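Trainee: Could you have a look at this structure, given as structure tokens, before my questions?
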Amino acid sequence: GGGGGGGGGTVASAFASNGSASDLFGGSVLADMRPVSGAGAAAADKGAAGGVGGNGAAAGGGGAGGGAGGGATGARGAHAHGLSTEALLAGRDTDMWPPGVEIPFAALKMTARIGSGGFSEVFKGEYRGEPVAVKRLLYTPGEAGDKAMRDFKAEVKLMTRLRHPNIVRFMGVVVEPLCLVTEFCSNGNLFDLLHNNPIALSWPLRLRMALEAAQGMHFLHNLDPVVIHRDLKSLNLLVDDEFHIKVSDFGLSRFKAMTSTTYMTAQCGTFHWMAPEVVGGNRYTERADVYSFGINLWELLTRQVPYKGMQPMQVGIAVYTRGVRPPVPPDTPPAYAALMAACWHANPNYRPTFRRIIEALLAMQAEAQRGQSEAAASLESWGAIGSLA
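Numbering (the working numbering), first residue to last: -15 to 373.
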């Protein structure tokens, strides 16, 4: 079950519990931001982030996150139905993606199958000596298959525009068979790392992961037009070999309508991370991604699966009709609890932008670093006393 809803009282009490936390969303520290340590460094300001290239040293993944698919899925390939990819694409978009991004299938070396879903399977491979993830579309004729084709093409078109250290790096597309090629993330996705791996993850590292995910999302929300991810969950946050975060899986992502009279209402995503306005089929904006990010913050804090034991529809009903949210442990740092509450507020207008989220996380990161320094100094002083004894 879950704790209290995302009402204004919850957020107000969370901020009131810590005087300094009330200032986290006021003012701007982005002008003075310094890059986060390591290859995941990314200035959150749009101007600084806009032209950042992908991290050449990183190894990153292909958005397999979605459960085991079974070996029978391979039979769904286009060739099993006597259709080539060219035939499938004929007469559709003539401007599917920009020139120069196509990769010959023969240039890829497949090394292992690492995941599958209803309409795609993902392989680890090599391209020009670099590890890559290859997501291959498994086309099945019919309405569902056509939608999968449209989503795949939309994902490729979008990814050709995305260059940021905290967005999984697009390498190219194979036309025959239809494949999306991205960098490979050796540590898989954040969901598995948090919930299915006994590895210890320090609090400063988890704060850095949250910050990097926020930086990737800030980049998406500051594109023109804005890109709404629509499926921001820990399964779609990939982790490279240095534990840097890469936002991935843009199959459901869409450009935000630029007119004030047009809104998105399609229910898409995964109920455990889905904003209440999306669950209810109401109009929504990029603030729906902020809600999803709040659930990811809770996962990073607790290393628990949100709403564990509940069926997806049960979660959707509880979130939408009763304002249920995951229970916040009593020993949660107040500023972090306040940020989660703000992100998953029932009213999208009260949720912070990713710019504000980055500011809050930077403040928490600085606090955690001060705590580490003080602890180290305390140990040194005890060592000095011991030497005098």
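Backbone N, C-alpha and C define an ideal beta-carbon position, used for all residues, glycine too. This structure is a prediction, so every number in the text was calculated from the model and none was measured.
1. Report the residue from H179, E226 and W187 whose alpha carbon sits nearest the alpha carbon of C169.
2. Once the 5 residues before and after K119 are set aside, which same chain residues still bring their CB inside 6 Å of it?
3. Helix or strand or just coil, what does DSSP make of G355?
4. Alpha carbon to alpha carbon, what distance is there between D176 and H256?
5. Hey, is the region 178 to 185 in contact with the region 126 to 144, meaning 3+ C-beta pairs nearer than 8 Å?
6. Look at the Cβ atom of C327, then the Cβ atom of V274, and state whether they are nearer than 8 Å.
7. Using the beta-carbon count (16 or more within 10 Å), is G200 buried or exposed?
8. Using a 10 Å radius around the Cβ and a threshold of 16 neighbouring Cβ atoms, would you call T305 buried or exposed?
9. Using the Cβ count rule (16 or more neighbours within 10 Å means buried), how would you classify L363?
10. What is the DSSP secondary structure of S365, counted as helix, strand or coil?
11. I'd like to confirm the pairing. Which residues does DSSP put opposite C163 in its beta bridges?
12. Give me the Cα-Cα distance between G75 and W81, rounded to the nearest whole angstrom.
13. DSSP three-state label for F255, please.
14. Pull the bridge partners of E327 from the DSSP assignment, please.
15. Hey, out of E358, A319 and V140, whose CA is closest to L346's CA?
16. Could you tell me whether the region 153 to 164 touches the region 83 to 93, where touching means 3 or more Cβ pairs closer than 8 Å?
17. Name the one or two DSSP bridge partners that S100 has.
18. Is it buried or exposed, R267, if we count other Cβ atoms within 10 angstroms and call 16 or more buried?
19. Which residues in the same chain have their Cβ closer than 7 Å to the Cβ of E270, if we skip the five residues on either side of it in sequence?
20. Give a yes or no on whether the minimum CB-CB distance between V106 and chain B is below 8 Å.
21. For C111, which residues does DSSP report across the bridge?
22. Kindly indicate which three-state DSSP category E343 falls into: helix, strand or coil?
23. Quick one: Cα of D215 to Cα of S276, how far?
24. Buried or exposed: which applies to L189, given that a residue is buried once 16 or more other Cβ atoms fall within 10 Å of its Cβ?
25. For L142 versus A352, is the C-beta spacing smaller than 8 Å?
26. So what's E261 in DSSP terms, helix, strand or just coil?
27. How about L284 and M348: do their beta carbons lie closer than 8 Å?
28. Starting from L177, trace the alpha helix (DSSP H) both ways and give me its first and last residue.
29. Just to confirm, is the Cβ distance from L219 to N173 under 8 Å?
30. Out of curiosity, what's the CA-to-CA distance linking T245 and E139?
31. Does DSSP put E270 in a helix, a strand or coil?
32. Is the separation between the beta-carbon of A197 and that of V231 shorter than 8 Å?
33. Between the C-alpha atoms of M94 and E160, what's the straight-line distance to the nearest angstrom?
34. Measure the alpha-carbon distance for I301 versus A330 and round it to whole angstroms.
35. Go to V299, then tell me how far its alpha helix (DSSP H) extends in each direction, as first and last residue.
36. In whole angstroms, give me the CA-to-CA distance for A41 and A350.
Mentor: Per the coordinate set shown:
1. For this step, residue 169 is matched to residue 185 along the sequence shown. Measuring from the Cα of C169, the nearest candidate turns out to be E226.
2. Position 135 of the sequence shown holds residue 119. Correct list, in chain order: G46, S104, V106 and L164.
3. Within the sequence shown, numbered from 1, the residue matching residue 355 stands at position 371. Note: G355 maps to helix in three-state DSSP.
4. One-based indexing of the sequence shown puts residue 256 at position 272. One-based indexing of the sequence shown puts residue 176 at position 192. Taking the straight line joining both Cα atoms gives about 16 Å.
5. no
6. Residue 327 sits at position 343 when you count from the first residue of the sequence shown. Residue 274 sits at position 290 when you count from the first residue of the sequence shown. Taking 8 Å as the Cβ cut-off, C327 and V274 qualify as a contacting pair.
7. Reading the sequence shown from its first residue, position 216 is the one you call residue 200. It is buried - the Cβ of G200 has at least 16 other Cβ atoms within 10 Å.
8. Start at 1 with the first residue of the sequence shown, and residue 305 comes out as number 321. So T305 counts as exposed.
9. Sequence index remark: in the sequence shown, residue 363 carries index 379 (1-based). Looking at its Cβ environment, which holds fewer than 16 other Cβ atoms inside 10 Å, L363 is exposed.
10. Start at 1 with the first residue of the sequence shown, and residue 365 comes out as number 381. Correct three-state label for S365: helix.
11. Against the sequence shown, residue 163 aligns to sequence position 179. In DSSP, C163 forms a bridge with R120 and V158.
12. Here residue 75 refers to the residue found at position 91 of the sequence shown. Here residue 81 refers to the residue found at position 97 of the sequence shown. Per-residue confidence for G75 stands at a pLDDT of 38, beneath the threshold of 50, marking its modelled position as unreliable; the derived number appears in the next sentence. Taking the straight line from one Cα to the other gives about 15 Å.
13. The count along the sequence shown starts at 1 and reaches residue 255 at position 271. Helix.
14. Locating residue 327 in the sequence shown gives position 343, counting from the first residue. Reading the sequence as shown, one finds Cys at residue 327 and not Glu. Answer by DSSP bridge pairing: none, since C327 is not bridged.
15. Looking up residue 346 in the sequence shown gives position 362. The shortest C-alpha separation from L346 is found at A319.
16. yes
17. By one-based count along the sequence shown, residue 100 stands at place 116. BP columns for S100 point to E105.
18. Here residue 267 is taken as the residue at index 283 of the sequence shown, counted from 1. The residue is exposed, with fewer than 16 neighbouring Cβ atoms inside 10 Å.
19. Residue 270 sits at position 286 when you count from the first residue of the sequence shown. Contacts found: H205, V210, I212 and K240.
20. Looking at the structure shown, chain B is missing, and only one protein chain is on hand.
21. To locate residue 111, count along the sequence shown from 1; it is residue 127. Checking the sequence, you will find Tyr at residue 111 rather than Cys. Answer is L92 and E114, bridged to Y111.
22. Here residue 343 is taken as the residue at index 359 of the sequence shown, counted from 1. Reduced to three states, the DSSP call for E343 is helix.
23. Position 231 of the sequence shown, counted from the start, is the residue given in the question as residue 215. Position 292 of the sequence shown, counted from the start, is the residue given in the question as residue 276. Cα-Cα distance, rounded: 8 Å.
24. Locating residue 189 in the sequence shown gives position 205, counting from the first residue. The residue is exposed, with fewer than 16 neighbouring Cβ atoms inside 10 Å.
25. For the purposes of this step, residue 142 is taken as the residue at position 158 of the sequence shown. For the purposes of this step, residue 352 is taken as the residue at position 368 of the sequence shown. No, the pair does not count as a contact, with Cβ atoms beyond the cut-off.
26. Locating residue 261 in the sequence shown gives position 277, where the first residue counts as 1. It is helical.
27. Within the sequence shown, the letter at position 300 stands for residue 284. Within the sequence shown, the letter at position 364 stands for residue 348. No, the Cβ-Cβ distance between L284 and M348 is not below 8 Å.
28. The sequence position of residue 177 within the sequence shown is 193, counting from 1. Looking at the DSSP string, the run of the alpha helix (DSSP H) that includes L177 is L174 to H179.
29. One-based indexing of the sequence shown puts residue 219 at position 235. One-based indexing of the sequence shown puts residue 173 at position 189. Yes, the pair counts as a contact, with Cβ atoms nearer than the cut-off.
30. Reading the sequence shown from its first residue, position 261 is the one you call residue 245. Reading the sequence shown from its first residue, position 155 is the one you call residue 139. For T245, the predicted structure reports a pLDDT of 40, less than 50, and the residue's modelled location is therefore unreliable. The matter cannot be settled from this model.
31. Position 286 of the sequence shown holds residue 270. If DSSP states are grouped into helix, strand and coil, E270 belongs with coil.
32. On the sequence shown, residue 197 is found 213 positions in, with the first residue counted as 1. On the sequence shown, residue 231 is found 247 positions in, with the first residue counted as 1. Yes.
33. Position 110 of the sequence shown, counting from 1, holds the residue named residue 94. Position 176 of the sequence shown, counting from 1, holds the residue named residue 160. Taking the straight line joining both Cα atoms gives about 15 Å.
34. Position 317 of the sequence shown, counted from the start, is the residue given in the question as residue 301. Position 346 of the sequence shown, counted from the start, is the residue given in the question as residue 330. The alpha-carbon atoms of I301 and A330 are separated by roughly 14 Å.
35. Locating residue 299 in the sequence shown gives position 315, where the first residue counts as 1. Residues P296 to R306.
36. As a first step, residue 41 is located in the sequence shown; it is residue number 57 there, counting from the start. As a first step, residue 350 is located in the sequence shown; it is residue number 366 there, counting from the start. Legend: pLDDT at A41 = 33, less than 50; position of this residue unreliable, no value from coordinates given.
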